[in-house]
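Chemist:
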Amino acid sequence: MFHCTYCDSQYAKWQGRCLECGRWGTIVAEEDTGLTDKKNNKHQTAKPAEIIKLTKNKVKPANRQASKISELDRVLGGGIVPGSVILLAGEPGIGKSTLVAQIAANFKSPYYVSGEESERQVALRLQRLKIASENILFSNTTEINSIISAAQKQNPSLLIIDSIQTTEVSDLDSLPGAPNTVRAATAKLINYAKENNVPVLLIGQVTKEGSVAGPKTLEHLVDTVLYIEGDKQSPYRLLRAAKNRFGSTDEVGIFEMTNTGLQTVENPSERFLEKNKQTSGTVITSIMEGSRPIMVEV
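581 is the number of the first residue of the sequence shown in this note's numbering; add one for each residue after it.
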């Protein structure tokens, strides 16, 4: 068997170009792992999985930590669940890093890891947003094993990865951003989150088609997938949950981008209709977004 070192696509025979990612010279033969010999060894037995009975008592709902950003907590279902992994995706410049910085400001000891920006760039953003940075731990690195090792020593209240597409895994030969690299890095971060009960927030880039860049399994691996959307010519941003294991996906968060960050719009009807001049041929109607009715002009 052969596989692509960039996207990990499988092929029965060698070829010069990968049909999935379009790259040339990335198809190599897979190493013999000896799995066939082990499979044929009748004396080779696996350790049985541990079987337990689910408790008859009612399980308490997960304790959530409020982000103190009301529109974000609305979309998440009340706050961030400890040990959960959240993927925040959106186009470049839409406000992902701004929102993440504001989330970090409301945690006791967040660990912010950036593979895209330097310490100075992040510090300047925090100053612009008027966020105190004394309690925010920062690393400008991309190697996932060293990131997790540092997090285990510091025991942060929140781990932020900006962005998951820039991470690299030292025990893999693939390049940063390659689907198998992103998949492996995410799997390691999920294990860290579950074992240490620390929430992990991943920033993800999107493709021209609007989907998260990287392998489709990325969205299946994480607990929550959030999309931040909006027209760059407009100050308003919408936050939606495409997936939420701990709550509904019906709610929508509404923000306004200002010089001091994303401000929540708790009464969108008032904001959207404040310039209404009762033009002939228009009508005001109500639509439901989750549990909130919103008045709009058509």
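We put the CB at the ideal spot given by N, CA and C, even for glycine.
Report the residue from Gln-707, Gly-596, Ser-729, Arg-872 whose alpha carbon sits nearest the alpha carbon of Tyr-772.
Modeler: It is Ser-729 whose Cα lies nearest to the Cα of Tyr-772.
Chemist: Between which two residues does the alpha helix (DSSP H) holding Asp-653 run?
Modeler: Asp-653 -> alpha helix (DSSP H) spans 650 to 656.
Chemist: Taking one C-beta from the region 696 to 710 and one from the region 633 to 653 each time, how about it: are there three or more such pairs within less than 8 Å?
Modeler: Result no; under three Cβ-Cβ pairs closer than 8 Å.
Chemist: If you count every other CB in all the chains shown that lies within 10 Å of the CB of Gln-682, and 16 or more means buried, which is it?
Modeler: Buried, by the Cβ-count rule.
Chemist: Is it a yes or a no for the region 655 to 671 touching the region 803 to 813, going by three-plus beta-carbon pairs under 8 Å?
Modeler: Enough Cβ pairs lie closer than 8 Å, so yes.
Chemist: Do Cys-584 and Glu-610 come within 8 Å of each other at the CB atom, strictly closer than that value?
Modeler: Result no, Cβ atoms of Glu-610 and Cys-584 do not sit closer than 8 Å.
Chemist: Could you check what DSSP says for Asn-847 in three-state terms: helix, strand or coil?
Modeler: Here Asn-847 sits in coil by DSSP.
Chemist: For the alpha helix (DSSP H) holding Asn-771, just list the boundary residues, first then last.
Modeler: From DSSP, the alpha helix (DSSP H) with Asn-771 extends over 759 to 776.
Chemist: Taking the alpha carbon of Val-608 as the reference point, which residue from Thr-829, Ser-589, Ala-626 has its own alpha carbon closest?
Modeler: Nearest option by C-alpha distance: Ser-589.
Chemist: Who pairs with Ser-694 in a beta bridge, going by DSSP?
Modeler: DSSP lists Asp-742 as partners of Ser-694.
Chemist: What would DSSP say about Leu-615, mapped onto helix, strand or coil?
Modeler: In this prediction, Leu-615 has a pLDDT of 48, which is less than 50 and means its spatial position is unreliable; nothing more can be read from the coordinates.
Chemist: Please report the Cβ distance between Asn-715 and Lys-688, rounded to the nearest whole angstrom; I am assuming they are in contact, meaning their Cβ atoms lie under 8 Å.
Modeler: 7 Å between Cβ atoms; contact.
Chemist: Along the chain, where does the alpha helix (DSSP H) containing Ile-724 start, and where does it finish?
Modeler: Start and end: 724 to 734.
Chemist: Note down, in chain order, each residue of its chain lying with its Cβ closer than 6 Å to the Cβ of Ser-750, except the 5 sequence neighbours on either side.
Modeler: Here the set comprises Glu-723, Asn-725.
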